[in-house]
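See below for the structure under consideration.
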Amino acid sequence: MNCWEYMDCPDEARRECPAYPSNGTDCWKMPNTMCAGGRISLSSLAEKVAFCRNCDFYMHYVRKKVLEHLDNPVVGNSDTL
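In case it helps, our numbering puts the sequence shown at residues 10 to 90.
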């Protein structure tokens with residue numbers, strides 16, 4: 010799921026956001042995104058870090074990635090050698 014879908018961003022905000030249409034799962038890595046459904050434009054890294062740490066989409070995505078990682082077997086585990 011992309012950030013604009015999760016956050017239900019209006020079409021106009023999507024079109025203006027640099028994360029749209031191909032970086033919807035990596036929005037926190039991009040400057041000048043239109044966050045919070047297009048209500049907030051974040052340009053500096055400091056703004057992004059502070060905002061993303063409390064963003065519902067970011068937390069959903071991070072949680073999903075951590076769970077995927079935990080479900081995958083460890084590559085290179087010394088017990089399997």
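Glycine included, every Cβ here is placed at the ideal spot set by N, Cα and C.
| Check | Outcome |
| --- | --- |
| Euclidean distance between Cα positions of N32 and W13 | 10 Å |
| Buried versus exposed, by CB contacts within 10 Å (16 or more), T47 | In the sequence under discussion, the amino acid at residue 47 is Gly, which differs from the Thr named in the question. Buried, since its Cβ has 16 or more Cβ neighbours within 10 Å. |
| Contacts around N63, its chain only, beta-carbon distance under 8 Å, and the 5 residues preceding and following it disregarded | none |
| Buried or exposed by the 16-neighbour rule on C-beta atoms within 10 Å, applied to N41 | exposed |
| Between the CA atoms of K73 and T34 - distance to the nearest angstrom | 11 Å |
| Contact under 8 Å by Cβ, C18 with M39 | no |
| Cβ-based neighbour list, E25, same chain, cut-off 6 Å, excluding 5 preceding and 5 following | M43 |
| Buried/exposed call for A28, threshold 16 Cβ in 10 Å | buried |
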